[in-house]
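Taken in sequence, the protein lines are chains A and B. Residue numbers for the first sequence, in the numbering used here: 6 to 333. Residue numbers for the second sequence, in the numbering used here: 317 to 650.
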Amino acid sequence: MQTTTTPSQSRLQSLVKGDSLQRFLALGALVILLLFFSVISPAFRTTQNYIDVLVATAVNGALAIGVTFVIITGGIDLSIGTGMTFCSVVMGMIVVQGGMPLWIGILGALAAGALMGAVNGILVAKLKLPPFIATLGMMNVARGLAQILSDVKPIYFDAHPEFYDTFMGKPIFGIPNVVFIMFGAGILASIVLTRTILGRYTFALGSNEEATRLSGVNVDAWKIVVYATTGLFAGLGGILIAARMTSAQPSVGVGYELDAIAAAVIGGTSLSGGEGSIVGTIIGAFIISTLTIGLSIIGVPDQWKLVITGLVIIGAVWLDILRRRSRG
Amino acid sequence: MRSTRFYGRMAGSMALALVVGACSSSATAAPSSGAGAAPSAASGALPYIAIVSKGSQQQFWQAVQKGAADEATAKGATITFEGPASESEVDKQLTMLQTALDKHPAALCFAALDSKAATPYMQKAKDAGIPVIGFDSGVDSPIPVTTVATDNIAAAGTAADQMATAIGGSGEVAIVVHDQTSQTGITRRDGFVNEIKAKYPNIQVVDIQYGAGDPVKSADLAKAIMTAHPNLKGFFGANEGSIKGVLNALKETSKEGKIVAIGYDSGQQQIDAINAGVEYGAITQNPVGIGAKCVDAALTAIAGTAQPKNIDTGFFWYDKTNINDPKIQAVLYK
Chain A
6 MQTTTTPSQS RLQSLVKGDS LQRFLALGAL VILLLFFSVI SPAFRTTQNY
56 IDVLVATAVN GALAIGVTFV IITGGIDLSI GTGMTFCSVV MGMIVVQGGM
106 PLWIGILGAL AAGALMGAVN GILVAKLKLP PFIATLGMMN VARGLAQILS
156 DVKPIYFDAH PEFYDTFMGK PIFGIPNVVF IMFGAGILAS IVLTRTILGR
206 YTFALGSNEE ATRLSGVNVD AWKIVVYATT GLFAGLGGIL IAARMTSAQP
256 SVGVGYELDA IAAAVIGGTS LSGGEGSIVG TIIGAFIIST LTIGLSIIGV
306 PDQWKLVITG LVIIGAVWLD ILRRRSRG
Chain B
317 MRSTRFYGRM AGSMALALVV GACSSSATAA PSSGAGAAPS AASGALPYIA
367 IVSKGSQQQF WQAVQKGAAD EATAKGATIT FEGPASESEV DKQLTMLQTA
417 LDKHPAALCF AALDSKAATP YMQKAKDAGI PVIGFDSGVD SPIPVTTVAT
467 DNIAAAGTAA DQMATAIGGS GEVAIVVHDQ TSQTGITRRD GFVNEIKAKY
517 PNIQVVDIQY GAGDPVKSAD LAKAIMTAHP NLKGFFGANE GSIKGVLNAL
567 KETSKEGKIV AIGYDSGQQQ IDAINAGVEY GAITQNPVGI GAKCVDAALT
617 AIAGTAQPKN IDTGFFWYDK TNINDPKIQA VLYK
C-alpha cells in the first residue's frame, strides 16, 4: 500500500482514513443544510424555527445516543422505538394511575428501559441470538406490553401539570428543557463512551470480540450492560416523548428506531462495529430534523421528503463503506 | 469450521423469526366462533363475520369495534376485528385481509387503506361467494354490496364552513391530514379544500401536510407550517392524531387561542381542548354506529336481502355549546 511517506503526508492520510472524517463530513453536511435553508427561506431563519428544530431532535436524539452504544459493539437494537413507548406507558401508570410523584415515574421509565435492554443483552449474549432477531422479537413484546398495560388507551398527564412544566418549560432563551436534557444526556454518554471502562469495552467488543474474550474480559456480562445502556436511553426517549404529548400514547413509536439508527449511521457510527461517537450521532439526528423541517417549510411535497431523506441515509452508509475500504 | 451448533443456532433463529413474523400483525380482538371451513350459517352455528379495519389501537377503531361486538351479540353473530398499527401499513392490512378470506367467513367487512391494492382481494372474495361490506373509507370497487360510512366530504365541508365563521371569512388556513392514500384522508382534505374554494374566496388554504396521524410528527409539521406562514389563522386536523398534533404544536409555541383549531373525531384530549376553549370544535362521526350498522349490513347480505348501496351513519359538528347534549355524548369516545 504505502511505501515511504513524509510525516505530514501520513498524518493527512490518517485523518482522511479516520472516523473523524465521517464526523467532519457530517458536521459539514449539517452546516451546509442549515445555510441552504436559511438562505433560501426567510421563514427558516427565524429564532422560533431554530428552536423548533432543536425540539424536534430531542426524542430521536435520545434514542440515537442510546443505539450508538449497541451499534459500536457490532450489534443493533430494533426495539428502541416501541421500547420508548413501553417506558412512557410505565411512567404514565406510575404517575397518573399510581398517583406517585413525578421523579418516581421518571426513575420507573428509565428502569423499565434498562431492564428491557438487559433482556435484549441476555438474548444476545447468553442465548446467542443474532441481535437483529432478538431485538426484533423484543420490539413486538414491548409494543404488546405497552398496549396491555395501558389497555390500549392514552394515559394523560393533565392532572400533573408539573410534568409538562418541567420538561417543556423554557427558562433559558425560550428553549424547552427537553433540548437541554438531550444535550446533557449526550455529554454524559460521550463521557461514558470515551472515558470509562464501559466505553472501552464497547469499542473492544465491536473491534474484536474474540480477542477481548481471550484477554479475560467477561464479554457476556459487558454485552448485557451495553444493551441495558441503550435501553436506558430508550427510557429517556419515552419520558421526552410523553412530555411533548403530555400523555403516554401506546400506538406511537413504531418506526422510531429507524430514524435513530439512521442518525447514528449518518454521524459516523459504523454498522460493522468498532467505530462511532456521540457527537457524530447528535449531528446525524440534527441532519434528519433539519432536512424534514426545512423541506416542509420550503413546500417540498411529502413524497419527495421521504425520497431525499432516504438518499441521504444511503449516501452516508456508502461513504462509510468507501472509507473502510480505503483503509484496507 | 461450521459446526452443528452453528446450524442449530441458525435454525433456532429462523424459527424464532418466523414465529415473530407471524405474530407481528396487530391484535385480533373479539373471539371467533371456531366454525369450520364451511361458509355461511349452518343451522345452529352463528354466522361468522370477519372485520378488517384500518386500525385497531386508536380510540376511534375501538369504538367501532365495540359497536360491532355489541350488535353481533344482540343479533346473533360472531366477529373478529383486526387492523394494522398505523394507517400507512397497507401491506399488513392486505395480509390480514388474506387471512380473513382464508377463514371463509359468512361475510367480510372491510375498510381499505389503499383501495387499488385491495382490488385483487375483492375479486377473491367475490369468487368465493363471500359478500363484502365496506365501512368507513370503504373500498373503491364495485364489488362491495354496500358501504357503511360517514359522508366525509359533507362533514369536512361543514368543518370548512365553521372555520370560515371562526376566522371571520378571510385569511390563511392550513390542513394536517393523516395520509393521502386512504379514502378518508383524500375525502376529508378535498371536502374541506373544495368548500373553501367554492364559498370563501377570501380564505386561502396555504399548506397541507401529512403526519400519518402521529401526534408528535404532526406537531412538528404544524410548527413548520406556522413558521412558514406567520399570518396563519386556522388549522384543520383531519383525524384525531392530526388534531392532537396541532393542539400540541399550539401549546409548545404558546399560540393556544390565537390560531383557530378545528378537528375530527373525539378522544379525551380534544374534548378537554374544546371545553377549555383552545379548540373551536370538531366533527364527530358515529363510530359505534358504524360498527353496529356494519354488522347489520353483513347479516342482511348473508340473508340475501337487498339493501341500499350506501348507508350513511351520520356526522355531527360539536363545540362548547353542544358538547354536553346527550345526542353528542352518545357518539363521542374517550
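Here a beta-carbon is modelled for each residue, glycine too, at the ideal position from N, C-alpha and C.
For glycine 103 of chain A, the number of other beta carbons within 10 angstroms of its own is below 16, and it is reported as exposed. When 8 Å is used as the limit between beta carbons, threonine 51 of chain A is near these residues of chain B: Thr543, in chain order. Residues Ala423, Pro447 and Val461 of the same chain have their beta carbon placed closer than 6 Å to that of alanine 617 of chain B, with the five preceding and five following residues left out of the count. Taking a contact to require three or more Cβ pairs closer than 8 Å, the region 228-246 of chain A and the region 80-97 of chain A qualify as touching. Judged by DSSP in its simplified three-state form, alanine 622 of chain B adopts coil rather than helix or strand. About 5 Å separates the beta carbon of tyrosine 596 of chain B from that of alanine 482 of chain B, a gap short enough to meet the 8 Å contact definition. Secondary structure note for glycine 501 of chain B: its alpha helix (DSSP H) is the uninterrupted segment 499-515. Two segments are said to touch when three or more pairs of C-beta atoms, one from each, lie closer than 8 Å; by this definition the region 174-191 of chain A does not touch the region 608-628 of chain B.
Beta-carbon to beta-carbon, phenylalanine 451 of chain B and alanine 465 of chain B are separated by about 6 Å, close enough to satisfy the 8 Å threshold.
For glutamine 520 of chain B, there is no enclosing alpha helix (DSSP H); the residue is found in the beta strand (DSSP E) stretching over 519-526.
Counting only runs of 4+ residues, the alpha helix (DSSP H) found wholly inside the region 234-296 of chain A occupies 261-271, in chain order. From the beta-carbon of lysine 228 of chain A, no residue of chain B is found nearer than 8 Å; the closest lies around 16 Å away.
Residue burial annotation: isoleucine 326 of chain A is exposed, with fewer than 16 other C-beta atoms found within 10 angstroms of its C-beta.
For glutamate 167 of chain A, the secondary structure class from DSSP, reduced to helix, strand or coil, is helix. Within its own chain, the residues whose Cβ lies closer than 6 Å to the Cβ of asparagine 602 of chain B, once the five positions on either side in sequence are excluded, are Thr629, Gly630 and Val647, listed in chain order. In terms of Cα proximity to lysine 567 of chain B, the closest of A/Asp163, A/Val317 and A/Ile283 is A/Asp163.
Not flagged as an interface residue toward chain B: glutamine 102 of chain A, since no C-beta distance is shorter than 8 Å.
Rounded to the nearest angstrom, the Cβ distance from proline 421 of chain B to alanine 393 of chain B is 10 Å, too far for a contact under 8 Å. About 6 Å separates the Cβ atoms of valine 259 of chain A and serine 402 of chain B, confirming a contact at the 8 Å cut-off. When secondary structure is reduced to three states using DSSP, phenylalanine 397 of chain B falls in the strand class. The beta carbon of lysine 539 of chain B falls within 8 Å of a beta carbon belonging to chain A, placing the residue at that interface.
Taking phenylalanine 551 of chain B as reference, the option from B/Met438, B/Glu387, B/Asn626 and B/Lys574 with the minimal CA-CA separation is B/Lys574. For proline 255 of chain A, the nearest beta carbon of chain B is closer than 8 Å to its own beta carbon.
Taking 8 Å as the cut-off, the beta carbon of isoleucine 590 of chain B is found closer than this to the beta carbon of isoleucine 639 of chain B. Shown here for serine 252 of chain A: same chain residues with a beta carbon closer than 7 Å to its own, the five before and five after excluded, namely Pro159, Ile160, Tyr161 and Phe162 in chain order. Close partners of asparagine 564 of chain B in chain A (Cβ separation under 7 Å): Arg249 and Met250. Counted as a single uninterrupted DSSP element, the alpha helix (DSSP H) harbouring alanine 544 of chain B occupies residues 531-544. Rounded to the nearest angstrom, the Cβ distance from tyrosine 232 of chain A to valine 75 of chain A is 6 Å, consistent with a contact under 8 Å.
Contact residues of the region 518-530 of chain B toward chain A are Gln525, Tyr526 and Asp530 (C-beta to C-beta distance below 7 Å).
Per DSSP, glutamate 556 of chain B is one residue of the alpha helix (DSSP H) stretching across 556-568.
For serine 301 of chain A, the chain B residues whose Cβ falls inside 7 Å of its Cβ are Gln525, Leu537 and Ala540, in order along the chain.
If the five residues before and after valine 270 of chain A are omitted, its C-beta is found closer than 8 Å to the C-beta atoms of Ile76, Leu276, Gly289, Ile318, Ala321, Val322 and Asp325, all from its own chain and listed in chain order.
Its chain contains Ala577, Gln585, Ala589, Val594 and Glu595 as the residues whose beta carbon lies nearer than 7 Å to that of leucine 563 of chain B, once the 5 sequence neighbours on both sides are disregarded; these appear in chain order. Within chain B, not a single residue places a beta-carbon under 8 Å from that of alanine 147 of chain A; the smallest gap is close to 12 Å. Residues of the region 367-386 of chain B that bring their beta carbon within less than 9 Å of a beta carbon in chain A comprise Gly371, Ser372, Gln373, Gln374, Gln375 and Gln378, in sequence order.
Between the alpha carbons of alanine 190 of chain A and aspartate 467 of chain B lies a distance of about 49 Å.
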